[in-house]
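Worksheet: the structure to be examined is printed underneath.
In the numbering used here, the protein residues as written are 180 to 368.
Structural data, given as structure tokens:
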């Protein structure tokens with residue numbers, strides 16, 4: 180705002196334009212009268228057709244499909260808030276004692292896909308726990324989306340990827356091999 184008012188004053192002084200900074204309509208017209216175009220003001224103008232969302236030839240904003248029946252999952256884990264910036268924000272998750280969310284997320288995706296008619300869309304919604312708002316984290320290995328299914332990570336929830344590299348092996352002990360990459364894991368599974 181300070182930059183815009185400074186520019187406005189400088190332009191008014193240099194170009195001999197007049198206007199009052201208290202007039203809410205002055206900023207863009209005054210700059211245009213002075214022969215200047217301010218992209219910041221132009222981007223804030225909701226009627227400007229050069230903005231992506233204002234072009235009538237473009238399709239509307241995408242929307243998230245309604246969750247399939249039984250496809251709203253509550254987070255199971257809290258995040259760490261210890262004051263230690265190295266770990267704060269990470270899930271309070273111990274792989275030795277906690278269960279990954281992979282199977283329940285994948286089961287919800289599969290069930291959602293099965294319930295959809297051809298061409299229909301649905302979603303699996305991951306949300307903050309409805310009974311404990313401090314549980315905001317999901318921890319999962321790889322999941323496979325199905326046609327027509329959207330994975331919706333709701334506001335406040337976070338989906339964390341498993342830190343266990345074995346969860347991402349294509350086959351046992353083979354980390355991400357494909358036809359062009361013959362890399363093999365050297366760590367025991």
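Positions of the beta carbon are idealized from the N, C-alpha and C atoms, including for glycine.
Query                                                                                                               : Result
Nearest candidate by alpha-carbon position, reference residue 297, set 280, 310, 325 and 311                        : 325
Own chain, CB closer than 8 Å to residue 310, minus 5 neighbours either side, in chain order                        : 253
Rounded straight-line distance, which links the Cα of residue 291 to that of residue 241                            : 20 Å
Closest Cα partner of residue 301 within the set 235, 331 and 351                                                   : 331
Coarse secondary structure for residue 299, derived from DSSP in three states                                       : coil
Reduced DSSP secondary structure (H/G/I, E/B, other) of residue 146                                                 : Outside the displayed range of the chain (180 to 368) lies residue 146, so it cannot be described from this structure.
Sequence-distant residues of the same chain with beta carbon closer than 8 Å to residue 249, five excluded per side : 287 and 290
Option nearest residue 320 by Cα separation, candidates 293, 312, 278 and 333                                       : 278
Check: residue 280 C-beta below 7 Å from any heavy atom of the ligand FAD                                           : Of ligands this structure carries none, so the ligand FAD is not represented either.
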